[in-house]
Amino acid sequence: MRGGNLDPREEPEKLACAMSANAVAFIQGELLPETAARFVRHLDECAHCRDEVRGASEVLGRLAALPEP
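Numbering of the sequence shown is given in my numbering, commencing with residue 230 and proceeding in unit increments.
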């Protein structure tokens, strides 16, 4: 990536939704209420973010199931 331009031929994964960064904080209840509400509305329209929430929920669930050291 050069000059901050996204070229889908070079790095298509970089074109993912910027709001997906909120997925883990959303699951853990760490977003401010207004941000959480906006993210919930966004989930209705964004399959990528829904997948991120689903995947992060699965990972966090598995981590929570591990025995403490």
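Note that CB positions come from ideal geometry on N, CA and C, so glycine has one too.
(message) Please report whether the beta-carbon of Ser-249 lies at a distance below 8 Å from any beta-carbon of chain C.
(response) Reference to chain C is not applicable here, since this structure consists of a single protein chain.
(request) Would you mind sorting Glu-274 into buried or exposed? The rule is 16 or more other CB atoms within 10 Å of its CB. (result) Along the sequence shown, read from residue 1 onward, the residue named residue 274 stands at position 45. It is exposed - the Cβ of Glu-274 has fewer than 16 other Cβ atoms within 10 Å.
(message) So, at 6 Å on beta carbons, what are the nonlocal neighbours of Val-253 in its own chain, with the 5 sequence-adjacent residues on each side left out?
(response) Numbered from its first residue, the sequence shown carries residue 253 at position 24. These residues qualify, in order along the chain: Ala-285.
(message) Excluding the 5 residues flanking Thr-264 on each side, which residues of the same chain have their C-beta closer than 8 Å to its C-beta?
(response) Residue 264 sits at position 35 when you count from the first residue of the sequence shown. For Thr-264, where only same-chain residues beyond five positions count, the Cβ hits under 8 Å are Asn-251.
(request) Using alpha carbons as the reference points, say which of Phe-255, Pro-262, Glu-259, Glu-287 lies closest to Leu-272. (result) Position 43 of the sequence shown, counting from 1, holds the residue named residue 272. Ranking the options by Cα distance to Leu-272, first place goes to Phe-255.
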